[in-house]
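Anchor point for the sequence shown: position 337 equals 337 in full-length UniProt numbering, and the numbering is continuous, going up by one each time.
Have a look at the structure below, then the notes.
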Amino acid sequence: MGTSMFIIWLLLTFAALAVVYNVAHWAYTSLPKGWGYAAILVGLLGAYGVWSLADAIRSRAGRKTTLPFVLYAPDSLAWFAVGVLAMVILVVVVIQRPDADENRRNYEHERWLETPDGRLSQLAQRYSIPQCEDQTSSWRGYPIVDSDVPGVSSRLWESGKNVSLGDLRDGYRMYGIPGVGLESSNFGRGRIKSGEEGEIALAKTVGLVPNVISFWSLYGLDENLHDVDADIDGIVVGLGLDDRLHVWFVDAKNYKGGSDTVYTSITEGELLRLSVAQHAFVRGVNGRPEMPMSENMGRQRPLWNDLMRRELGYIMWKADVQWRVCLTGGSHGSPQVDDLLWPGKVPAVNDEQLIDEIAACGPYKDISQIPIELITFLRGRLKPELPQGYTNPVPLPEVPMAM
């Protein structure tokens, strides 16, 4: 048997070993330490032994033998079968080991963990939330409180307070008015004011990252790529040293709660709020800890991707485009975000995580190197309404051009 044939069957043996190993792993949460290495060693030794025997028989050309033909035929599978048999024997040993029942997978339980009740149970364990028998102050058997514990403001928020939006505009680093898109919403005055404050705070913290431009309050799109009031809160753009564009579409959410608050979800499309220090869930305005999530970002992402490809072509060809829902912080710190996705599988982050993500893609080239076509396009998408006393940034022809 030639060397090439041996190598071929060696590869097939490895494939068979992998299959049998995964079958065993499918049935167990853990396998004995070193089991995989031992199985491979036994399998290969068996394979090599039979290969050697077959090769010896083949060398006796023309001599009859009483051994089965399969042991010396060029396409012999005998040694391959021996290797697999060795693996099967080891699998049987695993199944019969004393602690097999403790390690055997419980697929019914694993499926339950993927249900809302299962995820709620895991969440309660993770944050040490006890069961509660008092029906008047509990939610689904767990304690619920009216508010979280006040935290301490973050360095990021404190630094952002000192950023001037006027200076960002004068330096061609910010366009549009943070929060102006909320004026056309159906929200009450209190929610509009809160949303505007969140977007303004986020615009200031984005301004802490050198050499990025931000655009605030842009029109959304309908299925025909026409303007609609469902807006995009903000878009952040930076040009990396490798000439790759980095773009973030951001939806700012200024919900109550600070560093003691965790936002997560156990049911698709519903946000859940809890207090770490109080080991309890936190009521919202509806008296429950859940609140619905907006589907706007999930709907807008494919529409904006289509529009940018159509209008900007090669400029966006290598661009890194990210969509994020950002839970903004305040004087009581930034809320925590636990494995949270908005509808459309849009990742949610807090303001500190967003700024870290933007900064990590830097350092960025000077803003004059950002393609003017992209700046022109995004400025054309801004909502025109301006509060009294505001003026637009200087006309587009005066924007610094790449030299």
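From the three backbone atoms N, C-alpha and C, an ideal C-beta is built for every residue, glycine too.
All of these numbers come straight from a predicted model, not from anything done at the bench.
For residue i, the three-state DSSP class (helix, strand or coil)
i, result
"residue 150", "coil"
"residue 331", "coil"
"residue 128", "coil"
"residue 69", "The predicted model places residue 69 with a pLDDT of 44, which falls under 50 and marks its position as unreliable; any figure quoted below should be read in that light. Helix at residue 69."
"residue 231", "strand"
"residue 447", "No information on residue 447 is available, as it lies outside the stretch 1 to 403 that the chain covers here."
"residue 205", "helix"
"residue 336", "strand"
"residue 139", "strand"
"residue 220", "strand"
"residue 384", "coil"
"residue 366", "coil"
"residue 64", "Note on residue 64: pLDDT 49, under 50, position unreliable in the model; the coordinate value appears next. The answer is coil: DSSP assigns residue 64 none of H, G, I, E or B."
"residue 320", "strand"
"residue 167", "helix"
"residue 133", "coil"
"residue 356", "helix"
"residue 85", "helix"
"residue 74", "For residue 74, the pLDDT reaches just 44, beneath the cut-off of 50, and the residue's location in the model is therefore unreliable, leaving the point undetermined."
"residue 198", "helix"
Proximity below 9 Å, CB of residue i to CB of residue j
i, j, result
"residue 367", "residue 208", "no"
"residue 152", "residue 277", "no"
"residue 381", "residue 200", "no"
"residue 300", "residue 221", "yes"
"residue 303", "residue 324", "no"
"residue 168", "residue 263", "no"
"residue 289", "residue 282", "yes"
"residue 176", "residue 383", "yes"
"residue 321", "residue 247", "yes"
"residue 259", "residue 145", "no"
"residue 327", "residue 306", "no"
"residue 202", "residue 250", "yes"
"residue 310", "residue 225", "yes"
"residue 334", "residue 256", "no"
"residue 297", "residue 344", "yes"
"residue 254", "residue 198", "yes"
"residue 118", "residue 131", "no"
"residue 196", "residue 179", "yes"
"residue 129", "residue 173", "no"
"residue 269", "residue 204", "no"
"residue 219", "residue 228", "yes"
"residue 358", "residue 120", "no"
"residue 241", "residue 116", "no"
Outcome for residue i when other beta-carbon atoms lying within 10 angstroms are tallied against a minimum of 16
i, result
"residue 244", "exposed"
"residue 107", "exposed"
"residue 273", "buried"
"residue 342", "buried"
"residue 332", "buried"
"residue 125", "exposed"
"residue 210", "exposed"
"residue 158", "exposed"
"residue 122", "exposed"
"residue 216", "buried"
"residue 286", "exposed"
"residue 114", "exposed"
"residue 15", "exposed"
"residue 280", "buried"
"residue 155", "exposed"
"residue 329", "buried"
"residue 360", "exposed"
"residue 139", "buried"
"residue 406", "Absent from the model: residue 406. The displayed extent of the chain is 1 to 403, so no value can be given."
Those residues which DSSP pairs with residue i across a bridge
i, result
"residue 409", "The structure shown has nothing for residue 409, since the chain only spans 1 to 403."
"residue 214", "174 and 236"
"residue 264", "272"
"residue 342", "346"
"residue 120", "DSSP output for residue 120 lists no bridge partner at all."
"residue 145", "282"
Start-to-end residues for the alpha helix (DSSP H) that takes in residue i
i, result
"residue 376", "372 to 379"
"residue 306", "296 to 312"
"residue 156", "155 to 161"
Limits of the beta strand (DSSP E) - the one that residue i falls within
i, result
"residue 275", "270 to 275"
"residue 253", "245 to 253"
"residue 290", "290 to 292"
"residue 280", "280 to 282"
Beta carbon proximity, residue i to chain D, threshold 9 Å
i, result
"residue 196", "In the structure shown, chain D cannot be found, because there is only a single protein chain."
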